[in-house]
Amino acid sequence: MRSCRALQATAVVKSSLQLKLKTSTEDTCISLIKQCHTLKSLKALHASILRSLHLHLHSLTNLISHYASLGSISYAYTLFSHCNSFSNDAFLWNVMLRGLVDNDHYHRTFLLYTRMPYLHIAPDNFTFPFLLKACASLRILNLGSQLHAHAFVYGYSSHVFVANSLISMYAKCGLFPVSERVFDKMPQRSIVSWSAMIGACLQCGFHEQGLFLFTRMLDQGIKPNRASILNATACVRRENAAHHMHRVIMDNVLDNDHSVQNATMLMFARCGRIDLARSLFDGFTYKDLVCWASMIDAYARADLPLEALLLFNQMRLQCVLPDSITLLAVIQACSILASLHLARTLHAVIIRCFLECQLELDTAVLDLYMKCGSLTYARKVFDNMKGRNIISWSTMLSGYGMHGHGKEALHLFDQMKALIKPDHVTFVSILSACSHAGLINEGWECFDSMVRDFGVTPTSEHYACMVDLLGRAGQLNQALEFIEKMPVRPEAGVWGALLGACRIHSNVELAEIAAKSLLNLDAENPGRYVLLSNIYASLGKRREAYRIRNLMKSRGVKKKVGWTRIEIKGKMYTFVAGDRANPEMDLIYSELGKLMERIRQEGYIPDVSFVLHDVEGETKEMMLYAHSEKLAIVFGLIKLGHESSIRITKNLRVCGDCHTATKFISKVTGREIVVRDSQRFHHFMNGTCSCGDYW
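Going by full-length UniProt numbering, the first residue of the sequence shown is number 1, and it counts up by one from there.
Written as structure tokens, this is what we have:
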């Protein structure tokens, strides 16, 4: 009975629709088209139109446009292809070109455009913006230049719509000077023109120039719109500029625009004022997913992972379902903490959100497990991926390198080459893996194959990997010779690799050569000064060591405070050298003293060369004992069960004495100790380290 009534109701609706169409004007027909919100309803209307009316051009273009807007490009194109009576109308072709571009069918857009001259259809000022947008999306500069020439021939190159699109296209293709030239030659500029040029500055990294343009625009009395504000706020990198931008937003009553609110929040976070960003976030009356994701990402980028995770939990309590962008920000926060427990929990959340099949998320989870010290889980994710791209392969290779598994990395690299062509990032990963594992011959073979077999031109990163490879192996003279023969000027990373090798092998002469270049190229990096100072100190050259420290102070460069973090039952504990903040420090130091005595009996000898301060030997040993790595390990021994592995994270490179001590600690306690430092992972077990002391 119900089905009969439903059929009767449908028949009544169809009859009513046909009656409307029979008595309607073309405007009514177009209005009905625009009211269709689903493909099914549009098809039903289309069928009724065909039965009741003769389609006019305006109705036809609206049908094609609406099919395309609902994602059915095939129906739109079929309808377009059968428009023989209007086939020479430029407006109709523009509608179809726009539909193709909006649905990311860029190559078909160009193919359609090439048919226009054969049918004697001249493009107009609306045609070129669609084509240039497709070109910008594909980053095809040659084609963009050809389209620019076509626009010039047809007399539209200076038209405001076309010029705006040219500005964006050239910027996205990396040709910022041409964007500037187009903008400067425009006879008339709209607010969209200014916004496009500010966006071009943002695209190419010219943030100060973008802000200067925005100021010029305001000085000319042009009222900013939403797009220009969004582009300008993204250019802000300094706090005073952020406050000025906020005033402009308030003065132009754009502070209630949701996108502008998010952009303002991110602007303050980017300028180091995460407190103001959070204050804005808390003041928003409506928080959508973009808002939550932006604030979580801001915390992660500000190196505040615990706050990011806390906010993520609050978001879930508000029943806001995360998307892939939010989860990528949360993954970044987990990566900073290097918590395997949190990694597994987050992976479970991703699976429950039915997002496990997204390639970008899978790759991020793979990277997360690597950074949490679990090659086993990382490899499971990699093996279960339904599809892999160049980033997935490179991430897995990089992970093997971080953990010192060079041979496994090479085996995986051979598998990859049979399926996909490696790029420059892949070669950085495999060369780094060879370096960490001391695979010199294999590293040379990979380096030589870059140009020979794959046409990949080595960059400074690849040269730095090779210097690191040679330097770690003790071939310091060969490393210097390699640098001198480089076809490009050595950058800071190359000299930094040589300086690090000089620290390993105590070669002060070459260290001074490397430092001379480094302290000019990378003068703001405190690690360079500290490393050279430590080399001098380890060789007993106290005066030179203090000279470097004083140079560092005179240049206003501050040494990074070293810390070590450990997770105990879901809570993070952070230690610094000589720490007294933990309520259980008396117990920790008591157990540390006992542990040091045990490993001394096993043969451990403190390496006091790692203490720069000019104090007595016994005091130096006490200072070594109080290093943050040792404090965190002892706290883990106290708090974790006898079967549990101890996992710690160090924000700097682990010191040589702590590395030696940890080997002995793993031996006398029978515990696995996993250390992640700024360079790599160290897996200690039964008195040995996975790095083979090659780090």
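Where a beta carbon is used, it is the ideal one built from N, C-alpha and C, also for glycine.
Alpha-carbon to alpha-carbon, residue j and residue i
i           : j           : result
residue 5   : residue 319 : Reliability of the predicted coordinates at residue 5 is poor, the pLDDT of 47 falling under 50, and no value is obtained from them.
residue 403 : residue 223 : 55 Å
residue 122 : residue 112 : 13 Å
residue 216 : residue 239 : 20 Å
residue 321 : residue 570 : 23 Å
residue 40  : residue 65  : 15 Å
residue 757 : residue 331 : Because residue 757 is not part of the residues shown, which for the chain are 1 to 695, the question remains open.
residue 325 : residue 292 : 10 Å
residue 463 : residue 483 : 8 Å
residue 313 : residue 519 : 44 Å
residue 586 : residue 334 : 31 Å
residue 640 : residue 568 : 7 Å
residue 489 : residue 495 : 11 Å
residue 190 : residue 200 : 15 Å
residue 638 : residue 342 : 22 Å
residue 266 : residue 56  : 49 Å
residue 188 : residue 155 : 15 Å
residue 423 : residue 528 : 30 Å
residue 143 : residue 221 : 36 Å
residue 61  : residue 92  : 6 Å
Simplified DSSP state of residue i, which is helix, strand or coil
i           : result
residue 573 : strand
residue 491 : coil
residue 350 : helix
residue 38  : coil
residue 684 : strand
residue 484 : helix
residue 386 : coil
residue 291 : helix
residue 650 : strand
residue 273 : coil
residue 28  : helix
residue 567 : strand
residue 48  : helix
residue 557 : coil
residue 316 : helix
residue 673 : strand
residue 372 : coil
residue 689 : strand
residue 199 : helix
residue 496 : helix
residue 539 : coil
residue 583 : coil
residue 633 : helix
residue 237 : coil
Residue j beta carbon less than 8 Å from that of residue i
i           : j           : result
residue 133 : residue 158 : no
residue 244 : residue 264 : no
residue 80  : residue 129 : no
residue 165 : residue 171 : no
residue 232 : residue 214 : yes
residue 671 : residue 690 : no
residue 229 : residue 253 : no
residue 624 : residue 657 : yes
residue 474 : residue 500 : no
residue 310 : residue 572 : no
residue 361 : residue 327 : yes
residue 397 : residue 412 : yes
residue 634 : residue 591 : yes
residue 466 : residue 431 : yes
residue 502 : residue 492 : no
residue 526 : residue 553 : no
With 16 other Cβ atoms within 10 Å as the buried cut-off, status of residue i
i           : result
residue 181 : exposed
residue 487 : exposed
residue 663 : buried
residue 308 : buried
residue 22  : Bear in mind that the predicted position of residue 22 carries a pLDDT of just 46, short of 50, making it too unreliable to give a figure here.
residue 95  : buried
residue 675 : buried
residue 251 : exposed
residue 579 : buried
residue 316 : exposed
- Query: Is the region 372-384 close to the region 650-661, with three or more CB pairs under 8 Å?
  - Reply: No, the region 372-384 does not touch the region 650-661.
- Task: Pair every Cβ in the region 507-521 with every Cβ in the region 626-646, then say whether three or more of these pairs are closer than 8 Å.
- Result: Too few Cβ pairs lie closer than 8 Å, so no.
- Item | the region 593-604 touching the region 535-554, judged by at least three CB pairs closer than 8 Å | Judged by Cβ distances under 8 Å, the region 593-604 makes no contact with the region 535-554, as fewer than three pairs qualify.
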